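Chains as they are written, first to last, in my numbering: chain A, 4 to 334; chain B, 4 to 334.
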DNA sequence: TTGTAAGCGTTATCAT
DNA sequence: ATGATAACGCTTACAA
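In structure tokens:
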């Protein structure tokens, strides 16, 4: 186990040069004669010298890492988002701090603590309060991910409006009545947008939208539970517009488990287009969102440094509806 | 945005004390008179002084954070594992670096890079090669999570043997023949253990185990795909033992989607007991694993410092079979 | 091209 | 109880 590592000073002594030269060689900056470089490199190789991250951070006044704050990590959406973010950050030679708040009470406090260990932070949706977000922005560069810009804090998000199209499709093209929206608008800006698009589509079709959404979490199991309650009611919905694919999949599984026919008895739609959505029977009608790109774009914004005139303040990425069979369309 | 922060020296000047006293007050160590403490605290409050993480790390010679390396983050298993790990680490006042290798080619290299920014590392299963693992252990304290101890590197894992019980149950109690194991033993030590327990149970029942497992990934979508191939064959299996619940759920959904009856035509079992498993129809027979505790135990081991005489070298956590209906047992 | 020396922001050891 | 001051390990002017 780690026989106390070598310092630059010791390498310098061994190679008979100054620490400055060791630094120049190890970072590849400045002018060093080939012979000297070779000599230093030999010592570095031989003794396995690796510069201390701490010393370097202090001298350079930068941590060399960024953070991404998410409500949780479960499900394909977050996994994909993180991959996009991570790979972009790594290409830039930095490292990533991932923090899932999981609705813990002291989340805000921890997020502020993280700000002390990274150079910049990406915050997903409404994971932390607006005040904490502002406080955070005072301590480090911040980008909101899947949310709206706030007081000069830029945002990267996807276009949620296709939920309106989808709702219109169910209402007008298929002629369904009694639609229910499943998802909690309070939970995230994305769901808020989708719920509003759902309601607006009703108004555009001159129909009264439901007064309330059916509020649940965003995981598959939440969808199954929702199906249980919704479909056991006296007047079950004819179609369910879900806030995301995971819940839609859960609702589908729950409906099928109760012996219902989808889309015959119940039509279902989702959002995201995760892999499972095209593998279930019937396949899920949904909206495709470039999740990976969302993470990558956020990372680029964070890394390239924010602010400055002409900087991106709000990046809205395009999405597209994917019509399959769960809405009632023919195969 | 961050009006260049105050340093301890500046606080010292403002409070008319020395930096040493500022340090004593801010860390709450040493003896400081009430008046002096109050004076310093006032300045700290007023100007919003927060000690620099970099300076502190260098002086204390510790990063104050640990890392956890995983193959990926998708699915409820990893989410739960991370929560257990994270919450234990945070209670200790440290922060967490999460790194998902996602099978990227340069994963090993990145893992070694991470070792330079943390005080200790937990590595899941076979995410990195044995050589890299040893090299890593030379740079920082390491614990293997869901794998076997290696050359003095301790491990924390769950007991996979109940898969043997489950297999015996299918073979003997239900009298099924033609069982298939779904999962890739090369992928992780856990799956290796489970595949071996599956084979041993066959031998114990004096039956020939299948020569090969059906190798796939550990996600739900992989399970659906597996069901498609397996059930379309000339002689489909009578029962499928899956490496985990996610794939079992996928197989179940795939089988149901093809119009098969479960467990009538096909029995299915899993491992983990994730929330979905008790919500599907039929409910999944599986093995309950204390995933959260697995993460927490790993974190505690990492934090309390490894090595030393009498240290834990291999912690195997108890698991239990959960009999439900997907194996053919009555409701 | 190379070396000297001054930071970077803490903590901790001595004196006083 | 408090203050100088020396680490901690590196980068980077500035000199030579």
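We treat Cβ as the ideally placed atom computed from N, Cα and C, and that holds for glycine.
If you're wondering where the values come from, they're calculated on a predicted model, not measured in any experiment.
Check: Pick from 270(A), 76(A), 25(A) and 115(A): whose alpha carbon is nearest that of residue 52(A)?
Finding: Here the question's residue 52(A) lines up with position 49 in the first chain. When each option's Cα is compared against that of residue 52(A), the closest is 25(A).
Item checked: Chain-ordered residues of the stretch 178-194 of chain A with a beta carbon less than 8 angstroms from chain B -> none
Check: Which whole runs of the beta strand (DSSP E) in the stretch 144-211 of chain A are 3 residues long or more, in chain order?
Finding: 145-148, 158-161 and 182-185
Note to self: At a cut-off of 7 angstroms, would you count residue 102(B) as near the ligand ZN, judging by its Cβ distance to the nearest heavy atom?
What the structure shows: Of the ligands one can find in the structure shown there are none, so the ligand ZN has no counterpart to examine.
Notebook entry, point to check: Mapping DSSP to helix, strand and coil, what is residue 50(A)?
Noted result: Residue 50(A) sits at position 47 when you count from the first residue of the first chain. Of the three classes helix, strand and coil, the one that applies to residue 50(A) here is helix, per DSSP.
Notebook entry, point to check: How about residue 329(A) and residue 240(A): are their beta carbons less than 8 angstroms apart?
Noted result: Sequence index remark: in the first chain, residue 329(A) carries index 326 (1-based). Sequence index remark: in the first chain, residue 240(A) carries index 237 (1-based). No.
Notebook entry, point to check: List, in order along the chain, the chain B residues whose C-beta lies closer than 9 angstroms to that of residue 100(A)?
Noted result: Looking up residue 100(A) in the first chain gives position 97. Going along chain B in sequence order, the residues near residue 100(A) (Cβ under 9 angstroms) are 68, 98, 99, 100 and 101.
Next item on the list: Grab the span of the beta strand (DSSP E) containing residue 100(A) for me, first residue to last.
Entry: Position 97 of the first chain, counted from the start, is the residue given in the question as residue 100(A). Start and end: 98-103.
Notebook entry, point to check: For residue 113(B), which of 90(A), 323(A) and 208(A) has the nearest alpha-carbon?
Noted result: Within the second chain, residue 113(B) is the residue found at index 110, counting from 1. Closest by alpha carbon: 90(A).
Checklist line | Secondary structure, beta strand (DSSP E): runs of 3+ residues fully inside the stretch 252-327 of chain A | finding: 270-272, 289-291, 317-320 and 323-325
Check: Does the beta-carbon distance from residue 135(B) to residue 104(B) come in below 8 angstroms?
Finding: For this step, residue 135(B) is matched to residue 132 along the second chain. For this step, residue 104(B) is matched to residue 101 along the second chain. Not closer than 8 angstroms, so no.
Check: Just to confirm, are residue 283(B) and residue 79(B) a CB contact at a threshold of 8 angstroms?
Finding: As a working mapping, residue 283(B) is identified with position 280 in the second chain. As a working mapping, residue 79(B) is identified with position 76 in the second chain. Not in contact: residue 283(B) and residue 79(B) (Cβ atoms no closer than 8 angstroms).
Check: Is any beta-carbon of chain A found at less than 8 angstroms from that of residue 334(B)?
Finding: Position 331 of the second chain, counted from the first residue, corresponds to residue 334(B). By this cut-off, residue 334(B) is not an interface position.
Next item on the list: Determine the extent of the beta strand (DSSP E) in which residue 242(A) is found, giving its start and end residues.
Entry: Start at 1 with the first residue of the first chain, and residue 242(A) comes out as number 239. Here the beta strand (DSSP E) through residue 242(A) covers 242-245.
Note to self: If contacts are defined as beta-carbon pairs under 8 angstroms, then residue 144(B) and residue 305(B) qualify, I think. What distance do you get, rounded to the angstrom?
What the structure shows: Taking the second chain and counting its residues from 1, the one referred to as residue 144(B) is at position 141. Taking the second chain and counting its residues from 1, the one referred to as residue 305(B) is at position 302. That pair is a contact at about 7 angstroms.
Note to self: Distance check for residue 307(B) and residue 315(B), CA to CA, integer angstroms please.
What the structure shows: Your numbering for residue 315(B) matches position 312 in the second chain. Your numbering for residue 307(B) matches position 304 in the second chain. Cα to Cα, residue 315(B) sits roughly 11 angstroms from residue 307(B).
Next item on the list: Return the CA-CA distance between residue 2(A) and residue 280(B), expressed in angstroms with no decimal places.
Entry: Outside the shown range of chain A, which is 4 to 334, sits residue 2(A), and nothing can be said about it.
Item checked: Contact set for residue 326(B): own chain, Cβ-Cβ below 7 angstroms, skip 5 residues either direction -> The count along the second chain starts at 1 and reaches residue 326(B) at position 323. Excluding sequence neighbours, residue 326(B) sits near 288 and 332.
Note to self: Can you tell me which residues form a DSSP beta bridge with residue 106(B)?
What the structure shows: Residue mapping note: residue 106(B) aligns to position 103 of the second chain, counting from 1. DSSP lists no partner for residue 106(B).
Next item on the list: Would you mind stating whether residue 290(B) and residue 324(B) have Cβ atoms separated by less than 8 angstroms?
Entry: As a working note, residue 290(B) is residue 287 in the second chain. As a working note, residue 324(B) is residue 321 in the second chain. Yes, these two residues count as a Cβ contact at 8 angstroms.
Margin query: Counting only C-beta atoms, is residue 116(B) closer than 8 angstroms to chain A at any point?
Written below: Translated into positions along the second chain, residue 116(B) becomes position 113. At least one chain A Cβ lies under 8 angstroms of residue 116(B).
Note to self: Does chain B have any CB closer than 8 angstroms to the CB of residue 331(A)?
What the structure shows: The residue labelled residue 331(A) in the question sits at position 328 within the first chain. Closer than 8 angstroms: no.
Next item on the list: Check residue 121(B) in the structure and name its three-state DSSP category.
Entry: Looking up residue 121(B) in the second chain gives position 118. Looking at residue 121(B) - three-state DSSP - the assignment turns out to be coil, as it is neither helix nor strand.
Check: Distance, Cα to Cα, residue 14(A) vs residue 68(A)?
Finding: The residue labelled residue 14(A) in the question sits at position 11 within the first chain. The residue labelled residue 68(A) in the question sits at position 65 within the first chain. Using only the alpha carbons, I get a separation of about 27 angstroms.
Checklist line | Residue burial classification, residue 11(A) (beta-carbon count within 10 angstroms, cutoff 16) | finding: The residue you call residue 11(A) lines up with position 8 of the first chain. Buried, by the Cβ-count rule.
Check: Which partner residues of residue 126(B) appear in the DSSP bridge assignment?
Finding: Locating residue 126(B) in the second chain gives position 123, where the first residue counts as 1. In DSSP, residue 126(B) forms a bridge with 72(B) and 147(B).
Check: Looking at C-alpha atoms only, which residue of 39(A), 63(A), 73(A) and 242(A) is the closest neighbour of residue 149(A)?
Finding: Numbered from its first residue, the first chain carries residue 149(A) at position 146. Out of 39(A), 63(A), 73(A) and 242(A), 73(A) has the C-alpha closest to the C-alpha of residue 149(A).
Check: Looking at the C-beta of residue 86(A), does it have a partner C-beta in chain B at a distance below 8 angstroms?
Finding: Walking along the first chain from the start, residue 86(A) turns up at place 83. True, the Cβ-Cβ gap to chain B drops below 8 angstroms.
Note to self: Once DSSP output is grouped into helix, strand and coil, what is the label at residue 8(B)?
What the structure shows: Numbered from 1 along the second chain, position 5 holds the residue referred to as residue 8(B). In this structure, residue 8(B) counts as coil in the three-state DSSP scheme.
Next item on the list: Identify, in the order they occur along the chain, each residue of the same chain with its Cβ nearer than 6 angstroms to the Cβ of residue 293(B), setting aside the five sequence neighbours on each side.
Entry: What you label residue 293(B) is simply residue 290 of the second chain in a count that begins at 1. Cβ within range, chain order: 320.
Next item on the list: Tell me whether residue 210(A) is buried or exposed, calling it buried when 16 or more other Cβ atoms sit within 10 Å of its Cβ.
Entry: What you label residue 210(A) is simply residue 207 of the first chain in a count that begins at 1. By the 10 Å Cβ count, residue 210(A) comes out exposed.
Notebook entry, point to check: Interface residues of chain A around residue 75(B) at Cβ under 8 angstroms?
Noted result: Sequence index remark: in the second chain, residue 75(B) carries index 72 (1-based). Near residue 75(B) (Cβ distances below 8 angstroms), the residues of chain A are 82.
Check: By Cβ distance, which residues of its chain are closer than 7 angstroms to residue 28(A), with the 5 residues on each side in sequence left out?
Finding: Translated into positions along the first chain, residue 28(A) becomes position 25. Result list for residue 28(A): 35, 40, 43 and 44, in chain order.
Checklist line | Rounded straight-line distance, which links the Cα of residue 151(B) to that of residue 195(B) | finding: The residue labelled residue 195(B) in the question sits at position 192 within the second chain. The residue labelled residue 151(B) in the question sits at position 148 within the second chain. Distance between the alpha carbons of residue 195(B) and residue 151(B) is about 11 angstroms.
Margin query: Just to confirm the assignment, what range does the alpha helix (DSSP H) spanning residue 84(B) have?
Written below: Translated into positions along the second chain, residue 84(B) becomes position 81. Start and end: 79-94.
Next item on the list: Under the assumption that residue 175(A) contacts residue 208(A) (Cβ atoms under 8 angstroms), give the Cβ distance between them as a whole number of angstroms.
Entry: As a working mapping, residue 175(A) is identified with position 172 in the first chain. As a working mapping, residue 208(A) is identified with position 205 in the first chain. The Cβ separation is near 6 angstroms, so the contact holds.
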